[in-house]
Amino acid sequence: MNTVESYRKPLPEILPETAEFWRAARRHELVFQRCASCGQRIYFPRLLCHRCLSPKLDWEKAAGWGEIYSYTVVHQVAHESFAADVPYVYAIIELAEGVRMISHVININPSRVRIGMKVKVVFEDVTPEVSISKFEPA
Ligand SMILES: [Zn+2]
0 MNTVESYRKP LPEILPETAE FWRAARRHEL VFQRCASCGQ RIYFPRLLCH
50 RCLSPKLDWE KAAGWGEIYS YTVVHQVAHE SFAADVPYVY AIIELAEGVR
100 MISHVININP SRVRIGMKVK VVFEDVTPEV SISKFEPA
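Going by numbering that gives the first Met the number 0, 78 is the number at position 79 of the sequence shown; the sequence numbering is gapless.
Written out as structure tokens, the structure reads:
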């Protein structure tokens, strides 16, 4: 279990286009963008709609659940700060709203993870400013 004082993993770089995503995460809300011009749902956060290039993007709160679209079990760490976590599950989650996001699946033995498994979002408060969204079995 990480505490704020002990968190040594890389932290996100919070950019103007991602700031609202991170503010929502701090409130333990999962959000994505929706294009006000064409309706396209968008994740990851961007400055322009990837379908019609409109800059008019609104934020919507996700229901917070979805299913595993694809995943891998990580055994070889790419950054030493993850050494205590292996093996861990790195997955593409398709949210109920249809957008897909990459995240960790936690609170399950990696050998039990399956494509199509229902998952729900959980948040880890890793610093006073940053909360990270992850998923666990629903
Ligand atoms: Zn659009």
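The beta carbon of each residue, even a glycine, is placed where N, CA and C say it ideally should be.
Keep in mind the model is a prediction, meaning the values are calculated, not measured.
Closer than 9 Å to chain B by CB, residue i
{"i": "residue 9", "result": "In summary, chain B is missing from the structure at hand, where a single protein chain is found."}
Rounded straight-line distance, which links the Cα of residue j to that of residue i
{"i": "residue 90", "j": "residue 29", "result": "16 Å"}
{"i": "residue 53", "j": "residue 35", "result": "8 Å"}
{"i": "residue 0", "j": "residue 7", "result": "Caution applies to residue 0, whose pLDDT of 47 falls short of 50 and renders its modelled position unreliable; the model cannot decide the point."}
{"i": "residue 48", "j": "residue 18", "result": "17 Å"}
{"i": "residue 9", "j": "residue 51", "result": "33 Å"}
{"i": "residue 5", "j": "residue 22", "result": "22 Å"}
{"i": "residue 121", "j": "residue 127", "result": "17 Å"}
{"i": "residue 14", "j": "residue 25", "result": "15 Å"}
Chain-order list of residues whose beta-carbon lies under 6 Å from that of residue i (same chain, five-residue window excluded)
{"i": "residue 131", "result": "123 and 125"}
{"i": "residue 98", "result": "31, 40 and 42"}
{"i": "residue 74", "result": "85 and 86"}
{"i": "residue 115", "result": "66"}
Other residues of its chain near residue i: CB distance less than 7 Å, five sequence neighbours each side excluded
{"i": "residue 118", "result": "64, 65, 66, 67, 92, 104, 134, 135, 136 and 137"}
{"i": "residue 12", "result": "none"}
{"i": "residue 72", "result": "86, 88 and 109"}
Cβ neighbour criterion (16 or more within 10 Å) applied to residue i
{"i": "residue 102", "result": "buried"}
{"i": "residue 95", "result": "exposed"}
{"i": "residue 76", "result": "exposed"}
{"i": "residue 82", "result": "exposed"}
Own chain residues within Cβ distance below 8 Å of residue i, not counting five before or after
{"i": "residue 16", "result": "44, 45 and 46"}
Residues that DSSP places opposite residue i in a beta bridge
{"i": "residue 71", "result": "89"}
Residue i: CB within 8 Å of a non-hydrogen atom of ligand 3
{"i": "residue 5", "result": "Looking at this structure, you won't find ligand 3 anywhere; what it does contain is ligand 1."}
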